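Read left to right, the sequence shown gives residues 0 to 383 (numbering that gives the first Met the number 0). No residue lacks a Cβ here, since even glycine has one placed at the ideal position from N, Cα and C. Computed from a prediction, not measured in an experiment: that's the story for all the values here. Below is one structure, written out as structure tokens; the observations come after it.
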Amino acid sequence: MDLNASAPGVYSWLSKHAGTYGFKRTVPSENWHWEWWGTDPGTGPCNDQDKDDDGVTDAKDNCPSTKNASQTDTDKDGKGNACDGDDDGDGVADAKDNCPLVKNAAQTDTDKDGKGDACDTDDDGDKVLDTKDNCPLVKNAAQTDTDKDGKGDACDTDDDGDGVADGKDNCPLVKNAAQTDTDKDGKGDACEADDDGDGVDDAKDVCPTTPDPDQLDTDADGKGDACDDDDDGDGVADASDVCPLNADPGQADQDDDGIGDACDTDNDNDGIDDADDVCPELADPAQTDTDGDGLGDACDDDDDGDGVNDALDRCPGADDTDLDVCGDDSESDAPPETATGGTVEAETAGCSVGGARGSATVGWLGVFGTIFLLGRRRRAKTNR
């Protein structure tokens with residue numbers, strides 16, 4: 000209702016609602032007094048003023064001069080938002096407040112989108128709502144969470160959950176509490192493809208934690224020599240094996256030089272390589288080989304190669320082609336014997352009955368037999 004003074008002592012009003020209204024005035028002692036009353040079928044009795052005409056009487060209106068039918072008062076300070084310069088009461092004027100209806104004195108705005116975190120449903124602006132974001136204040140659209148602890152890697156200081164902070168972890172995305180780093184390259188074995196740094200990937204390396212660029216595997220057991228306790232696989236540990244790279248379960252070492260026969264180039268230790276040694280299993284530095292059969296006298300049962308074992312041969316060091324029981328090299332073409340007083344003294348260069356060279360005394364029958372044989376031999380030589 001609007002009341003307007005149109006003339007002294009005359010008033011009029013315009014009713015916005017249907018109903019019955021009354022007006023009374025008194026002017027005692029020059030003091031004006033007026034009152035009005037009425038009934039509005041729509042709103043009931045109208046007895047109070049409503050300056051802003053928002054349907055809330057001024058006495059109850061938290062913004063009597065500003066329309067504010069809802070009477071919203073966010074900060075509950077008794078002053079409605081419609082006329083409050085700081086609706087949330089955080090000390091920041093609404094005009095500058097990035098969350099005017101939510102207390103946000105710090106005005107934090109993580110994603111710098113002009114909407115403070117206090118009233119932003121996606122603080123980091125990664126398109127994942129804060130209620131579902133495992134890092135609500137750090138962009139993390141992929142939502143990666145390596146250790147499945149509910150805290151995304153983007154904001155987790157220990158991504159793999161091994162108890163070692165990422166800043167010090169040599170495998171931040173792979174559990175590696177021991178932090179083993181065989182090749183000391185700063186990358187832990189747990190996440191390195193070549194733990195020993197020998198240039199061979201662990202998947203193909205016969206010694207993945209022992210540098211072994213040559214990848215030698217003597218016994219072909221899949222474990223390289225560099226990390227195999229028994230390189231030749233003969234059942235004898237390398238530390239005790241006289242031939243660690245040659246299978247030699249018997250561990251024979253003829254010359255006791257610490258190098259087994261299986262890998263020793265001079266088994267008898269006589270200074271002659273086995274390949275050139277006429278007696279590789281018997282020390283024989285002289286390398287004498289009387290019969291030239293490639294088998295040295297030191298290990299030959301028949302040194303002169305006459306078919307008679309040395310143990311039975313009267314002259315084991317000389318061949319006897321004429322079967323006179325004395326080696327040819329020990330015989331002389333000159334008459335070797337003379338008869339004196341019923342005995343014959345044999346030539347000193349001949350052989351004794353036992354096979355040794357020297358002189359001998361034999362009976363007359365032996366002498367005649369010997370003279371007869373020698374005579375035939377000389378005649379045979381003359382007739383040639």
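- Annotated three-state conformation of Asn80 is helix, per DSSP.
- Cys262 sits in coil when the DSSP states are folded into three classes, being neither helix nor strand.
- Taking Cys242 as the centre and dropping the five residues before and after it, the same chain places the C-beta of Gly259, Ala261 and Cys262 closer than 6 Å to its C-beta, in chain order.
- Straight-line measurement puts the Cα of Asp312 at about 30 Å from the Cα of Asp254.
- Contact between Gly149 and Asn139 fails: their C-beta atoms lie close to 13 Å from each other, not under 8 Å.
- Exposure of Ala104 is indicated by the presence of fewer than 16 other C-beta atoms within 10 angstroms of its C-beta.
- In its chain, beyond the 5 residues on either side, Gly295, Ala297 and Cys298 have a beta carbon closer than 6 Å to the beta carbon of Cys278.
- In the three-state reduction of the DSSP assignment, Ala202 falls in the coil class.
- With at least 16 other beta carbons inside 10 angstroms of its own, Pro207 counts as buried.
- In the three-state DSSP reduction, Asp224 falls in the helix class (H, G or I).
- Taking C-alpha positions only, Asp83 is separated from Asn175 by approximately 58 Å.
- The C-beta separation of Thr107 from Asp86 comes to about 18 Å, leaving the pair out of contact by the 8 Å criterion.
- By the C-beta density criterion, Pro135 is buried, having at least 16 other C-beta atoms within 10 angstroms.
- When DSSP states are grouped into helix, strand and coil, Asp301 belongs to the coil group.
- Shown here, Asp188 sits in a helix according to DSSP, grouped into three states.
- In this structure, Lys186 sits near Asp180, with a CB-CB distance shorter than 8 Å.
- By the 16-neighbour rule on beta-carbons within 10 angstroms, Pro171 is buried.
- Inclusion of Gly77 and Asn67 in the CB contact set at 8 Å is not warranted, their separation being larger than that value.
- Taking the C-beta atoms as reference points, Val101 is found no nearer than 8 Å to Asp123.
- Within the model, the alpha-carbon separation for Gly162 versus Asn61 is close to 57 Å.
- One thing to note: Asp301 has its Cβ within 8 Å of the Cβ of Asp309.
- Straight-line measurement puts the Cα of Asp110 at about 18 Å from the Cα of Pro99.
- Classified as buried, Gly115 has 16 or more neighbouring CB atoms from the shown chains inside 10 Å of its CB.
- In the structure shown, Asp53 adopts coil according to DSSP, grouped into three states.
- Rounded to the nearest whole angstrom, the CA to CA distance from Thr209 to Lys183 is 12 Å.
- Burial is judged here by how many other beta carbons sit within 10 angstroms of a residue's own beta carbon; Pro248 has fewer than 16 and is exposed.
- Here the alpha carbons of Val199 and Asp292 stand approximately 53 Å from one another.
- Excluding five sequence positions before and after Thr120, the CB atoms of its chain that fall closer than 7 Å to its own CB belong to Leu128 and Asp129, given in chain order.
- Less than 8 Å divides the Cβ of Thr217 from the Cβ of Asp224.
- Linking Pro315 to Asp273 through their CA atoms gives a straight-line distance of about 25 Å.
- For Cys154, the secondary structure class from DSSP, reduced to helix, strand or coil, is helix.
- The alpha-carbon of Val235 is positioned some 18 Å away from that of Leu215.
- Exclusion of the five residues before and after Pro284 leaves Asp269, Gly270 and Ile271 as the residues of its chain whose Cβ lies within less than 8 Å of its Cβ.
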